[in-house]
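A.B. asks:
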Amino acid sequence: MPPVFNERCIACFKCVEICPGDVLRETPEGPVVAYPDECWHCGACMMDCPTAAIRLNLPPWMRPVAKRVK
Amino acid sequence: MIMTKTIKTDVLVIGGGLSGCMAAINAADHGAKVTIMEKSHTERSGAAGTGNDHFWFYDSDINPQSGWTIPDMVRDISFDGEYGKTKGGLMDQGLLEIIAEGTKECVGNLESWGVQFKYDKIYPWNLQYEVPEGEKRFRIVPQFQSEWDTLNYDGRDIKKRLTEQCLKRGVEIYNRVAGTGLLTKDGKVVGATGVNMRTGEFHVFRAKAVIMATGMDQMRLFKAQSGDWFNSQSPPYITGDGEAMALRAGAEVFVLQAGKTRNAGFQYLRNLSRSSGTATTCYPAGRFVNSEGETMIRHPAVREPLRKRRENVERSIREGKTPFYLDWTDATEEEIRYAEWSYGNEGLCWVILEIMKDLGLDFRKDAFELDLEPAGMLTGGFLALFIDTDCRTNLPGLFACSPVQFAGEVAAPTYAVLGWRSGEKASEYALKASEASLDDLQVRSEEARVTAPLMAEDGLSWQEVNKELNNIMDEYKGYIVGWNLPDEEAKVSRTGLRNCIAQIEELKRVTMKARDSHELVRCNEVMNLMDVGVMMVKAALEPEQYDRGFWFLGKQVDGEPEFRKTPIVIKYPSKEGA
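The listed protein sequences correspond, in order, to chains A and B. For any residue, its number in the working numbering is found by taking its place in the first sequence, counting from 1, and adding 2. For any residue, its number in the working numbering is found by taking its place in the second sequence, counting from 1, and adding 1.
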């Protein structure tokens, strides 16, 4: 599931309003990811969340591969 | 039963991204009643949706201090600069000149709407220039070009500021309505249709002028490099809708065939954001190194010729010194803070910074692997509307500002300035145009075509049809392989290409099933991609498609393609080539 909502979510549904891919939907329980495969992982939901209730859970193929240099 | 909503306006803008919002604002300022039809939501939609941090521009108060002129900029981007050299002369210098001239006004407008471009503090790696005591300055860097002509700025919320300005001017915004077709009467464009992605409501817009601003890509036409359609640099929701609508209405498009990359490179930071690797979004902290830590390109040495960088990269590949890394660890704390600020204003790069926090990664300590792009990799073809310097297409009433022929390699300023210009031109046209009536039969047949997947009892999903289209387009790339390599003659398999056309035509007849209005829009996107794809393959059969120095143009007349070519006008020839 791309965006993950935590307990700080106040169900204002700003994320549902602005999601560029239309992947989120309003439910009585709060926002849900209705079309997880179509998430661009652009972070717009996280950016606009007024309570910092969203983090993005990236699929393995999108995660940066890093090596510690220092 | 699907509900239909009818809206009357002077200027309809299809697509409310950076270009569409700029178009709407200026059309309204020129007196027109303006409506935007937007598939997403204008606050965060389009390629600038979550921000832009670099803006190529010309300032008549600053650049002449170093002797840099607008013709120099045009030459730089089309021929002489390291970026220009990669374009093979495929640039519209007429548009490019307008863009360069328009950037200062554009930046001034954006500033007045609350986008911060000027700062009390500028850094040693920014262009040092004189201003009157107490005045703020731009943070100017050299980016892809040969001169100090790119601004770093706080552009993360640029779409919010543009949306505010649209609303302030009474622009009506229809969010979540995807454009599906243009409406024509007596050869003129008189409106468009769309469908709401959440309610399924069919929209009919009656307009005196239409501006196509649907973005510069056909995502999901070809297989995704990472295997995931939605893991892309540009929004994966830019699916050639505008190009397909224009083609069906008889508008002329520019077609470019698939090619082969000539040089190896490194483009991706695990695919999430191509721009992170190549843009100077990591300026001045980033360094590109090979597996031995040897520098391939050093920032702030973006002016270091790409040629040298390619040699470095290809030597490292031959010597097995891969993978390549984006490495900021040698930079000073001040440089890293600047680069993080800039990075954080640039679209997907902000997400990378957030993800790094979650994963415990830090640019101060970690180097990031870049995906390797081998030389000779096949790239997809391309198709876009063809406009004149007043943003007019060949169809009266239809203007375009973002899916257009190659003008700038500088996306945000190109689309901001062309959007602005198209708004003015479309408004002037609309205010003189007479009220057009719609062809009811056309509207009803369009509604039936668009909503068919929702009505179907059974059928293939949009994903199944999209995958098969990808397979056919992959075959097409194989059949034209080699045509663009300078040392090889064109080898085009005419039989293979005809087979591809037949396969796409057959795929278009397959029944698609949408379970809801969201899927209905995805089905329509695939229908659009098929129309774009088949035109691209048909063009590949034309021998003249492969001539250099020309725009290759095509349109559909009564369902049949008609092609022509027109010379690329060179107003400012290469100085180096002379």
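Even glycine gets a Cβ: it sits at the ideal position worked out from N, Cα and C. Everything numeric in this text was worked out from a predicted model, so none of it was measured.
Chain B partners of L60(A), CB-CB under 7 Å?
C.D. replies: The answer, in chain order, is I356.
A.B. asks: Enumerate, from N- to C-terminal direction, the unbroken beta strand (DSSP E) stretches of 3 or more residues contained entirely within the segment 130-212 of chain B.
C.D. replies: Entirely contained in the segment 130-212 of chain B, the beta strand (DSSP E) runs reaching 3 residues are, in chain order, 138-143, 149-153, 173-176, 178-186 and 189-197.
A.B. asks: Mark W63(A) as exposed unless 16 or more other C-beta atoms lie within 10 angstroms of its C-beta, in which case mark it buried.
C.D. replies: Exposed, by the Cβ-count rule.
A.B. asks: Buried or exposed: M2(B), going by 16 or more other Cβ atoms within 10 Å of its Cβ?
C.D. replies: In this prediction, M2(B) has a pLDDT of 49, which is less than 50 and means its spatial position is unreliable; what the coordinates show is noted afterwards. Classification for M2(B): exposed.
A.B. asks: Does DSSP classify Y430(B) as helix, strand or coil?
C.D. replies: The answer is helix: DSSP assigns Y430(B) an H, G or I state.
A.B. asks: From T185(B) to V482(B), what does the alpha carbon distance come to, in whole angstroms?
C.D. replies: For T185(B) and V482(B), the distance between alpha carbons rounds to 38 Å.
A.B. asks: Mind reading off the beta-carbon distance from V205(B) to G192(B)? Whole number of angstroms is fine, and I expect it under 8 Å.
C.D. replies: Contact holds; Cβ gap of about 7 Å.
A.B. asks: Quick one: list the residues of chain B neighbouring P33(A), beta-carbon separation under 7 Å, in chain order.
C.D. replies: The premise fails here: P33(A) is roughly 14 Å from chain B at the closest Cβ pair, so nothing lies under 7 Å.
A.B. asks: Mapping DSSP to helix, strand and coil, what is I37(B)?
C.D. replies: Note: I37(B) maps to strand in three-state DSSP.
A.B. asks: DSSP on K576(B), reduced to helix/strand/coil?
C.D. replies: Coil, per DSSP.
A.B. asks: If you run the structure through DSSP and keep just helix, strand and coil, what is P66(A)?
C.D. replies: Correct three-state label for P66(A): coil.
A.B. asks: Give me the chain A residues within the contact set of K366(B), using Cβ-Cβ distance strictly less than 8 Å, ordered along the chain.
C.D. replies: Within chain A, the residues near K366(B) are R70, V71 and K72.
A.B. asks: Within the same chain, show all residues whose beta-carbon is closer than 7 Å to that of T200(B), passing over the 5 residues directly before and after it, in chain order.
C.D. replies: Once the five neighbours on either side are set aside, the close Cβ partners of T200(B) are S518.
A.B. asks: Alpha carbon to alpha carbon, how far is E40(A) from K169(B)?
C.D. replies: Approximately 33 Å between the Cα atoms of the pair.
A.B. asks: Between E40(A) and chain B, is any beta-carbon pair separated by less than 9 Å?
C.D. replies: Yes, E40(A) lies at the interface with chain B (some Cβ there is under 9 Å from its Cβ).
A.B. asks: Using a Cβ cut-off of 9 Å (strictly closer), state whether V352(B) contacts chain A.
C.D. replies: So, interface residue.
A.B. asks: Taking DSSP's pairing of strands, which residues face L379(B) in a bridge?
C.D. replies: Its beta-bridge partners are K261(B).
A.B. asks: Which residues, in chain order, does the segment 181-206 of chain B contribute to contact with chain A at a C-beta distance below 9 Å?
C.D. replies: Cβ contacts with chain A come from M198 and R199.
A.B. asks: Go to W57(B), then tell me how far its beta strand (DSSP E) extends in each direction, as first and last residue.
C.D. replies: Residues H55 to W57.
A.B. asks: Can you pull the chain A neighbours of L362(B), defined as C-beta to C-beta under 8 Å?
C.D. replies: Those are P66 and A68, listed as they occur along chain A.
A.B. asks: Hey, does E9(A) have any beta-carbon neighbour from chain B nearer than 9 Å?
C.D. replies: False, the Cβ-Cβ gap to chain B never drops below 9 Å.
A.B. asks: Suppose you measure from the CA of E9(A) to the CA of E31(A); what does that come to, to the nearest Å?
C.D. replies: So the two alpha carbons sit approximately 12 Å from each other.
A.B. asks: Looking at C-alpha atoms only, which residue of N197(B), K209(B) and I63(B) is the closest neighbour of R140(B)?
C.D. replies: It is I63(B) whose Cα lies nearest to the Cα of R140(B).
A.B. asks: So what does DSSP say about A28(B), is it helix, strand or coil?
C.D. replies: Reduced to three states, the DSSP call for A28(B) is helix.
A.B. asks: What residues of chain A sit near S79(B), judged by a beta carbon separation below 9 Å?
C.D. replies: In chain order: nothing, as chain A lies at least about 31 Å away.
A.B. asks: Relative to the alpha-carbon of A33(B), which residue among G18(B), N53(B) and T10(B) has its alpha-carbon at the smallest distance?
C.D. replies: That would be T10(B), whose Cα lies nearest to the Cα of A33(B).
A.B. asks: Taking 9 Å as the threshold (beta carbon to beta carbon), is I20(A) in contact with chain B?
C.D. replies: For I20(A), the answer is yes, since a Cβ of chain B falls inside 9 Å of its Cβ.
A.B. asks: With DSSP run on the structure shown, which of helix, strand or coil describes Y37(A)?
C.D. replies: Correct three-state label for Y37(A): coil.
A.B. asks: For a cutoff of 9 Å on Cβ pairs, would you count R45(B) as touching chain A?
C.D. replies: It does: the Cβ of R45(B) has a partner Cβ on chain A nearer than 9 Å.
A.B. asks: Which of the three DSSP states is assigned to A401(B) in this structure?
C.D. replies: Strand, per DSSP.
A.B. asks: Closer than 7 Å between beta carbons: that is the criterion. Which residues of the segment 14-42 of chain B meet it against chain A?
C.D. replies: So the close ones are S41 and H42.
A.B. asks: Give me the Cα-Cα distance between N153(B) and K119(B), rounded to the nearest whole angstrom.
C.D. replies: Whole-angstrom Cα-Cα distance: 9 Å.
A.B. asks: For L7(B), count neighbouring C-beta atoms within 10 Å of its own C-beta (all shown protein chains included) and say buried if the count is 16 or more, exposed if not.
C.D. replies: According to the sequence shown, residue 7(B) is Thr rather than Leu. Result: exposed.
A.B. asks: Counting only Cβ pairs nearer than 7 Å, list the residues of chain A close to H519(B).
C.D. replies: D24 and Y37, listed in chain order.
A.B. asks: To the nearest angstrom, how far is it from the Cα of E374(B) to the Cα of P324(B)?
C.D. replies: If I take the Cα positions, the gap works out to 11 Å.
A.B. asks: Please give the ranges of any alpha helix (DSSP H) in the segment 65-108 of chain B, keeping only runs that are unbroken, at least 4 residues long and fully inside the region.
C.D. replies: Correct list: 71-76.
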